[in-house]
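> If you read the sequence shown in our numbering, its first letter stands for residue 18, the second for the next number, and so on.
From the three backbone atoms N, C-alpha and C, an ideal C-beta is built for every residue, glycine too.
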Amino acid sequence: MKVYQSNEIKNIALIGNAGSGKTTLAEAMLFEGGVITRRGNVEDNSTVSDYNPVEHEYGNSVFSTVLYTEWLGKKINFIDTPGADDFSGGVISALNVVDTGLMLINALNGVEVGTEIIGRRAAALNKPLIFVVNQLDHDKANFELCIESAKTNFGSKVSIVQYPVNVGVSFNALIDVLKMKMYQWGPDGGEPEILPIPDSEIDKANELHNELVESAAENDEDLMELFFEKGTLTEDEMRTGMKKGMIACDFFPVFCVSAKKDMGVRRLMEFIGNIVPFVTEMPAIPTVSGREAKCDPDAPTSVFVFKTSIEPHIGEVSYFKVISGRIKEGDDLININNNIKERVSQLYIIAGRNRERVSELVAGDIGATVKLKNTKNNHTLNCKDCDFVYKDIQFPEPKYRTAVKAKDEADDEKLGELLHRMHEEDPTITIEYSKELKQIILHGQGEFHMNTLKWRLSHNDHLEIEFLTPKIPYRETITKLAQADYRHKKQSGGSGQFGEVHMLIEPYTEGMPDPAIYKIDGKEMKVNLRGTEVTKLNWGGKLVFCNCIVGGAIDTRFLPAIQKGIMEKMDEGPLTGSYARDIRVVVYDGKMHAVDSNEISFRLAGRHAFSAAFKNAGPKILEPIYNIEVLVPEDRMGDVMSDLQSRRAMIMGMEAEKGFQKILAKVPLKEMNKYSTTLSSLTRGRAQFTMKFDTYEKVPNEVQVELLAAYQEETAEA
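What follows is the structure, encoded as structure tokens:
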């Protein structure tokens with residue numbers, strides 16, 4: 018392949034809800050561009066895009082796939098993305114490096130929740146969108162529903178460029194109101210017959226053409242003046258206006274296809290070739306420092322790695338976009354994230370698993386290389402004269418968690434290595450090695466996401482694992498003042514052990530006054546503060562240690578030992594073994610022995626005194642609370658609300674959002690186990706949700722009793 022220049026390159030992503038036909042459209046585009054000579058199909062696992070074994074097993078996309086084709090003397094890089102929200106990482110990484118999104122809409126269903134979610138992600142990144150209504154040959158296709166729902170969700174800037182003449186199994190023709198022609202296909206699709214618009218459609222076509230002219234003119238003042246002057250625009254003038262509108266994300270053209278029959282695909286690619294912005298026409302990319310990296314092949318070389326995959330017999334493949342300059346085989350670049358030199362020994366352009374070696378790629382192009390030493394996703398590679406650093410791709414918060422372990426303990430190390438590899442391929446999979454819970458916790462986007470991981474480990478890596486119910490990271494605290502003292506005394510010949518500690522403990526809150534006067538058992542006790550040490554705990558909250566010793570009852574050299582003993586119990590709370598937090602300890606008295614007192618004596622005395630006081634201080638278990646947002650169709654609101662209330666949710670509000678209802682709630686993490694699966698079942702996959710940690714709150718009394726009983730049973734068995 019020739020070296021395409023920046024002003025000849027366009028980057029797009031195929032996006033849309035699951036089942037909208039993205040992979041099938043990708044296959045047709047590859048065929049029309051001559052990259053393949055025969056179209057495969059999803060049903061017999063012969064597509065270029067979905068080539069991984071797990072995608073063959075499930076019949077849908079799991080990973081994003083980088084592809085390319087050539088059309089009208091231009092290079093079109095495009096990325097086929099998964100539709101299931103469980104695999105949203107592929108969508109997000111693709112949108113970060115392309116300039117335009119092709120949003121496929123299933124003609125049966127119109128705009129679905131997934132369509133709207135992906136649309137919001139595209140809008141957040143200021144990506145132009147083209148709407149492609151697919152599957153118009155289905156007997157239940159409804160083009161009017163698609164347009165109505167698109168305008169409801171994306172606004173009046175949705176503009177019809179094409180509409181079908183005959184929707185359903187007989188679909189074989191459409192009216193193009195930009196060209197003002199009818200396109201008609203034979204049963205095998207491909208190249209259409211271009212005909213005059215029939216008399217029966219001319220009024221509708223003229224009306225839509227005028228609307229399209231007006232939409233194009235709105236994006237350019239000069240065109241608007243021409244429009245007012247002439248009452249219309251030429252096709253080239255309309256193209257100019259449409260391109261400006263797309264760049265401003267203020268114009269959303271609608272096209273019609275049957276990707277499976279290759280009807281409408283060629284005309285869609287003509288529009289992409291003629292009107293979709295080139296990489297040089299899009300805004301410069303901001304760097305972390307606030308500078309802008311322009312798409313200039315003559316600028317210093319800078320590339321951004323947005324995807325990693327592990328391919329059989331090859332190893333790690335790094336996919337990148339050339340942000341500026343040009344990259345050649347044999348170039349030495351600096352990884353700006355870790356300051357390690359990387360040699361780019363081989364360069365490829367990619368069409369699924371097929372790789373074509375090239376000698377050079379210029380600014381704006383997308384390619385791949387292999388066997389980089391220390392370069393991962395979100396890393397920047399620069400030439401020595403360049404210091405650009407780009408913002409990390411921001412992936413969604415996890416929505417599903419499960420504990421995992423290898424069925425054979427001998428495979429624990431192998432499991433760790435494979436999970437790390439899977440995180441590199443899919444950053445929305447995160448691994449937590451929890452010392453607190455004594456579990457490996459996997460975080461992901463849903464149960465399907467995790468089951469796919471399990472399938473891959475079993476079938477690709479021959480490692481059998483099992484999922485376990487993940488434990489909850491509870492916290493323990495106290496609700497009232499308590500006093501305790503403890504004497505540790507041990508004599509076993511020679512020097513003994515002796516340490517006595519008197520302490521008060523109380524709940525700690527930010528800004529509370531220094532300790533001064535307390536009332537214990539009806540008696541007032543005054544303390545004199547001599548020093549305070551605040552420990553910010555790794556697990557959240559604080560331990561405040563106050564030295565109120567007077568008269569040298571305990572030597573100051575033993576205070577760190579007392580504090581260490583207290584921390585040992587904070588690390589393993591008395592109620593359930595969970596971390597304790599937000600406690601103030603006041604050590605006000607004690608005794609020591611000139612010979613037998615030592616650090617271990619006071620560590621043990623402090624530990625036992627704290628434990629005794631804790632149990633009398635109204636101990637309470639805290640649970641993690643998450644903020645959740647559920648986007649749900651109106652007709653499923655009742656079922657979703659009832660389910661949330663059964664999960665001890667506190668509903669914070671509801672609001673309408675583009676044809677859906679958004680429920681805002683606070684829900685304990687304990688109650689969110691497998692929520693994504695339940696929500697999908699309740700709404701037939703039409704709802705989406707996000708969750709993010711908010712705070713810790715006290716559990717209800719009945720839940721605390723249940724947790725205490727479970728912990729006692731667990732420790733008794735141990």
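1) Assuming contact is defined by CB atoms lying nearer than 8 angstroms, are Gly557 and Tyr713 in contact in what I supplied?
2) Alpha carbon to alpha carbon, how far is Ile367 from Glu688?
3) Apply the 10 Å Cβ neighbour rule to Thr496 and answer buried if 16 or more other Cβ atoms are within range, or exposed otherwise.
4) Decide yes or no for the touch test of the region 593–613 against the region 520–527: beta carbon pairs closer than 8 angstroms, at least 3 of them.
5) For the alpha helix (DSSP H) containing Met669, list its first residue and its last residue.
6) Would you list, in sequence order, the uninterrupted beta strand (DSSP E) runs of no fewer than 3 residues that lie entirely inside the region 56–139?
7) Taking the alpha-carbon positions, what's the Asp502 to Gly623 distance?
8) Quick one: residues in its chain with C-beta nearer than 7 angstroms to the C-beta of Gln201, no 5 flanking neighbours on either side, listed in chain order?
9) Quickly, what does DSSP pair Glu541 with across the bridge? List them, please.
10) For Val230, count neighbouring Cβ atoms within 10 angstroms of its own Cβ and tell me buried if that reaches 16, exposed if not.
11) Shorter than 7 angstroms, the distance from the beta carbon of Lys424 to the closest heavy atom of the ligand FAD, or not?
12) Express the C-alpha separation of Lys358 and Ile327 in angstroms, rounding to a whole number.
13) Nearest to Glu585 by CA position, among Ser628, Lys553, Val561, is which residue?
14) Going by the beta-carbon positions, is the gap between Ile353 and Ala380 smaller than 8 angstroms?
15) Contact between the region 663–678 and the region 89–97: three or more CB pairs below 8 angstroms?
16) My output table needs one value for Ser275: the three-state DSSP class, helix, strand or coil.
17) Among Val544, Pro650, Gly38, which residue has its Cα nearest to the Cα of Asp279?
18) According to the Cβ coordinates, are Gly594 and Tyr728 closer than 8 angstroms?
19) Are the beta-carbon atoms belonging to Glu640 and Pro685 less than 8 angstroms from one another?
20) At least one CB of chain D closer than 8 angstroms to the CB of Pro685: is that the case?
21) On the premise that Phe80 lies in contact with Gly107, defined as a C-beta separation below 8 angstroms, what is that separation, rounded to the nearest angstrom?
22) Who are the Cβ neighbours of Glu483 in its own chain at under 7 angstroms, not counting the five residues just before and after it?
23) When the Cα atoms are used, what is the spatial distance from Met529 to Ile645?
24) In three-state DSSP terms, what is Phe706?
25) Rounding to the nearest angstrom, what Cα-Cα distance links Ser659 and Glu651 in this structure?
26) Quick one: using the 10 Å Cβ neighbour count with 16 as the cut-off for buried, is Glu72 buried or exposed?
27) Just the C-alpha distance for Asp349 and Gly461, rounded to the nearest angstrom, thanks.
28) Under 8 angstroms between the Cβ atoms of Phe405 and Ser275?
29) For Asn477, collect the residues of the same chain with a Cβ closer than 7 angstroms to its Cβ; drop the 5 residues on either side in sequence, then sort them by chain order.
30) Suppose you measure from the CA of Asp666 to the CA of Gly131; what does that come to, to the nearest Å?
31) Suppose the cutoff is 8 angstroms on Cβ atoms and the five residues either side in sequence are ignored; what does the same chain contact list for Met199 look like?
32) Judging by CA-CA distance, which residue of Glu493, Cys403, Lys393 is the nearest neighbour of Met439?
33) Which term fits Gln678, buried or exposed, when burial requires 16 or more other beta carbons within 10 angstroms of its beta carbon?
34) Tell me, please, whether the region 113–122 touches the region 454–471 by the rule of three or more beta-carbon pairs shorter than 8 angstroms.
35) Rank Ser509, Asn399, Pro444 by C-alpha distance to the C-alpha of Pro413 and give the top, closest one.
36) Measuring CA to CA, which of Thr552, Ile446, Pro636, Lys27 is closest to Val293?
Reading off the structure:
1) Position 540 of the sequence shown, counted from the first residue, corresponds to residue 557. Position 696 of the sequence shown, counted from the first residue, corresponds to residue 713. Closer than 8 angstroms, so yes.
2) Taking the first residue of the sequence shown as position 1, residue 367 is located at position 350. Taking the first residue of the sequence shown as position 1, residue 688 is located at position 671. Cα-Cα distance, rounded: 44 angstroms.
3) Taking the sequence shown and counting its residues from 1, the one referred to as residue 496 is at position 479. Classification for Thr496: exposed.
4) yes
5) Residue numbering aside, residue 669 sits at position 652 when the sequence shown is read from its first letter. Here Met669 belongs to no alpha helix (DSSP H); instead the beta strand (DSSP E) covers 667–674.
6) 82–88, 91–97, 117–123
7) Looking up residue 502 in the sequence shown gives position 485. Looking up residue 623 in the sequence shown gives position 606. When rounded, the distance between both Cα atoms is 9 angstroms.
8) As a first step, residue 201 must be located in the sequence shown, where it is residue number 184. Within the same chain, Gln201 has close Cβ partners Asn189, Ala190, Pro209, Glu210, Leu212.
9) In the sequence shown, residue 541 corresponds to position 524, counting from 1. Its beta-bridge partners are Lys536.
10) Sequence index remark: in the sequence shown, residue 230 carries index 213 (1-based). Buried, because 16 or more other Cβ atoms sit within 10 Å of the Cβ of Val230.
11) In the structure on display, the ligand FAD does not appear, and there are no ligands present to speak of.
12) Translated into the one-based positions of the sequence shown, residue 327 becomes position 310. Translated into the one-based positions of the sequence shown, residue 358 becomes position 341. Rounded to the nearest angstrom, the two C-alpha atoms are 22 angstroms apart.
13) As a first step, residue 585 must be located in the sequence shown, where it is residue number 568. Checked all of Ser628, Lys553, Val561; the closest Cα to Glu585 is Ser628.
14) Translated into positions along the sequence shown, residue 353 becomes position 336. Translated into positions along the sequence shown, residue 380 becomes position 363. Against a cut-off of 8 angstroms, the Cβ pair of Ala380 and Ile353 comes out as no contact.
15) no
16) Translated into the one-based positions of the sequence shown, residue 275 becomes position 258. Three-state result, Ser275: strand.
17) Translated into positions along the sequence shown, residue 279 becomes position 262. The residue with the shortest Cα to Cα distance from Asp279 is Gly38.
18) For the purposes of this step, residue 594 is identified with residue 577 of the sequence shown, where counting begins at 1. For the purposes of this step, residue 728 is identified with residue 711 of the sequence shown, where counting begins at 1. Yes. Within cutoff.
19) Taking the first residue of the sequence shown as 1, we reach residue 640 at position 623. Taking the first residue of the sequence shown as 1, we reach residue 685 at position 668. Cβ atoms of Glu640 and Pro685: closer than 8 angstroms.
20) Included in the structure is just one protein chain, with no chain D present.
21) Residue mapping note: residue 107 aligns to position 90 of the sequence shown, counting from 1. Residue mapping note: residue 80 aligns to position 63 of the sequence shown, counting from 1. Indeed, because the Cβ distance is near 6 angstroms, the residues count as touching under 8 angstroms.
22) Along the sequence shown, one-based indexing puts residue 483 at 466. Once the five neighbours on either side are set aside, the close Cβ partners of Glu483 are Lys422, Lys424.
23) Taking the first residue of the sequence shown as 1, we reach residue 529 at position 512. Taking the first residue of the sequence shown as 1, we reach residue 645 at position 628. The straight-line gap from Cα to Cα measures roughly 32 angstroms.
24) Here residue 706 refers to the residue found at position 689 of the sequence shown. Of the three classes helix, strand and coil, the one that applies to Phe706 here is strand, per DSSP.
25) The sequence position of residue 659 within the sequence shown is 642, counting from 1. The sequence position of residue 651 within the sequence shown is 634, counting from 1. Going by the C-alpha atoms only, they are around 14 angstroms apart.
26) Sequence index remark: in the sequence shown, residue 72 carries index 55 (1-based). Classification of Glu72: buried, given that the 10 Å Cβ count is 16 or more.
27) Reading the sequence shown from its first residue, position 332 is the one you call residue 349. Reading the sequence shown from its first residue, position 444 is the one you call residue 461. The straight-line gap from Cα to Cα measures roughly 36 angstroms.
28) Indexing the sequence shown from 1 puts residue 405 at position 388. Indexing the sequence shown from 1 puts residue 275 at position 258. Contact flag unset, no.
29) Taking the first residue of the sequence shown as position 1, residue 477 is located at position 460. Only Pro70 meet the Cβ criterion.
30) Here residue 666 refers to the residue found at position 649 of the sequence shown. Here residue 131 refers to the residue found at position 114 of the sequence shown. Checking the displayed sequence, the identity of residue 666 turns out to be Ala instead of Asp. Computed Cα separation, rounded: 24 angstroms.
31) Within the sequence shown, residue 199 is the residue found at index 182, counting from 1. Contacts found: Val182, Ala190, Leu191, Ile192, Asp193, Ile211, Leu212, Pro213, Ile214, Pro215, Glu218.
32) Position 422 of the sequence shown, counted from the start, is the residue given in the question as residue 439. Measuring from the Cα of Met439, the nearest candidate turns out to be Lys393.
33) Your numbering for residue 678 matches position 661 in the sequence shown. The residue in question, Gln678, is buried, as its Cβ has 16 or more Cβ neighbours within 10 Å.
34) Flag = no, the region 113–122 and the region 454–471 do not touch.
35) Taking the first residue of the sequence shown as position 1, residue 413 is located at position 396. With distances taken between Cα atoms, Pro413 lies closest to Pro444.
36) Taking the first residue of the sequence shown as 1, we reach residue 293 at position 276. Out of Thr552, Ile446, Pro636, Lys27, the CA that lies nearest to the CA of Val293 is found in Lys27.
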